[in-house]
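Chemist: Just remember that my numbering sits 611 ahead of the position in the sequence shown, which is counted from 1.
A virtual CB, placed ideally from N, CA and C, is assigned to each residue, including glycine.
Model, not experiment: these values are computed from the prediction.
One structure is given below, represented as structure tokens, and several questions about it will come after.
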Amino acid sequence: MSSRKAMRLPPLEVLRVKKPNKIEPNPCHLVMNHVLACWASAGFNTAGCANVEAALRACMDKPPAPPTPKNNINYHLNRLSSRLTQKASRHT
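Structure, rendered in structure tokens:
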């Protein structure tokens, strides 16, 4: 085995990851923007924007994506923090 001591990390004030959960953008927002832009450029004439409207309808008719599981890293860090960090009163 090695005779070197294990490296000690400095104490952390807060053991937390900032905002681990990402919000997935809605894929139909982009198609909706195309429909609104088409209506604005065509003077709200629906005949010229029928293909873009059909694409929006197809996007909206799709079943919603299943929700992504939330990241629970902060829960586990909080749960294990007493084992990972030392109390400040012991060092002073």
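1. Any idea if LEU667 is buried or exposed, counting beta-carbon neighbours within 10 angstroms, 16 or more meaning buried?
2. How long is the line joining the alpha carbons of SER693 and GLU624, rounded to whole angstroms?
3. Starting from the Cα of GLU635, find the closest Cα among LYS681, TYR686, ASN689, ASN685 and give me that residue.
4. Quick one: give me the first and last residue of the alpha helix (DSSP H) that CYS670 is part of.
5. Just how far apart, CA to CA, sit PRO677 and CYS660?
6. Helix, strand or coil for ILE634 per DSSP?
7. State the CB to CB distance for the pair VAL628 and CYS670, rounded to an integer number of angstroms; the pair is presumed to be in contact (CB under 8 Å).
Modeler: According to the structure data:
1. buried
2. 13 Å
3. LYS681
4. 661-672 is the extent of the alpha helix (DSSP H) around CYS670.
5. 31 Å
6. coil
7. Not really, about 33 Å apart at Cβ, beyond 8 Å.
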